[in-house]
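What follows is a single structure, written as structure tokens, with notes after it.
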Amino acid sequence: MADSSFDIVSKFDKQEIANAVNSAGKEIATRYDFKNVGASVDLAGEVIKMKANTEERCLAVLDVVQTHLVKRKVSLKHLDVPEAGPRLSGKEYHLDAPLKEGISQENAKKINKLIRDEGPKGVKSQIQGDELRVSSKSRDDLQAVQRMLREADLDVALTFTNQR
Numbered sequence: 000m001a002d003s004s005f006d007i008v009s010k011f012d013k014q015e016i017a018n019a020v021n022s023a024g025k026e027i028a029t030r031y032d033f034k035n036v037g038a039s040v041d042l043a044g045e046v047i048k049m050k051a052n053t054e055e056r057c058l059a060v061l062d063v064v065q066t067h068l069v070k071r072k073v074s075l076k077h078l079d080v081p082e083a084g085p086r087l088s089g090k091e092y093h094l095d096a097p098l099k100e101g102i103s104q105e106n107a108k109k110i111n112k113l114i115r116d117e118g119p120k121g122v123k124s125q126i127q128g129d130e131l132r133v134s135s136k137s138r139d140d141l142q143a144v145q146r147m148l149r150e151a152d153l154d155v156a157l158t159f160t161n162q163r
């Protein structure tokens with residue numbers, strides 16, 4: 000019997016993010032607490048740009064965006080919110096949150112080590128660019144690895160694709 004395998008990737012659906020940002024923008028335009036504060040949100044390429052006239056309002060815009068992303072089943076781990084918070088630019092506060100996609104080498108090594116140490120014995124994993132390929136003779140072992148990785152507290156959003 001041939002080996003079964005799957006790939007571990009960290010990708011997001013760009014259309015779902017665009018839909019979440021658009022619906023968050025509509026909510027911000029109609030909500031009473033955002034009236035006359037210059038609050039707005041838009042998607043510019045791979046960056047969600049938020050702005051408002053106070054730091055608190057800018058963080059509230061971020062909260063609305065995060066709520067809409069969760070409703071659309073997009074992991075918040077894809078959102079790279081700066082630690083410093085909103086920055087003052089003229090009379091407005093701006094917050095740019097880039098979107099993260101792909102698994103870094105450091106995280107790939109961490110996941111690889113986790114699979115080797117805690118996973119079932121017959122499972123092999125190898126790093127291929129910004130994704131990992133996991134293979135085993137037993138599909139049950141692969142499902143056990145997926146369950147283990149879902150429960151692990153990793154700082155990347157994982158998706159399992161290409162299951163054979």
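So in numbering that gives the first Met the number 0, spot 106 of the sequence shown is number 105, and the numbers just go up one at a time.
Cβ atoms here follow ideal geometry from the backbone N, Cα and C, with glycine treated the same way.
For clarity, every value in this text was computed on a predicted model and none was experimentally measured.
Have a look at residue i and residue j and give me their C-alpha separation to the nearest angstrom.
| i | j | result |
| --- | --- | --- |
| VAL36 | GLU105 | 41 Å |
| TYR92 | LEU58 | 10 Å |
Smallest Cα separation from residue i: which of the options?
| i | options | result |
| --- | --- | --- |
| VAL20 | LEU157, THR160, SER39, LEU148 | SER39 |
| ALA151 | LYS112, LYS136, GLY128 | LYS112 |
| GLU45 | ALA59, CYS57, ALA96 | ALA96 |
| GLU54 | SER88, THR66, LEU78 | SER88 |
| LEU98 | LEU157, LYS76, ILE114 | LYS76 |
State the start and end residues of the unbroken beta strand (DSSP E) segment that holds residue i.
| i | result |
| --- | --- |
| SER88 | 86-88 |
| ARG163 | Element bounds for ARG163: n/a, residue is neither H nor E. |
| LYS123 | 123-127 |
| GLU130 | 130-135 |
Starting from residue i, follow its DSSP beta bridges and name the residues at the other end.
| i | result |
| --- | --- |
| PRO97 | VAL46 |
| VAL203 | This structure cannot settle anything about residue 203, because the visible part of the chain is limited to 0 through 163. |
| PHE11 | Bridge partners of PHE11: none, in fact. |
| TYR31 | DSSP output for TYR31 lists no bridge partner at all. |
| GLU91 | SER88 |
For residue i, is the classification buried or exposed, using 16 other Cβ atoms within 10 angstroms of its Cβ as the cut-off for buried?
| i | result |
| --- | --- |
| MET0 | In this prediction, MET0 has a pLDDT of 46, which is less than 50 and means its spatial position is unreliable; nothing more can be read from the coordinates. |
| VAL60 | buried |
| TYR31 | exposed |
| GLY24 | buried |
| PRO85 | buried |
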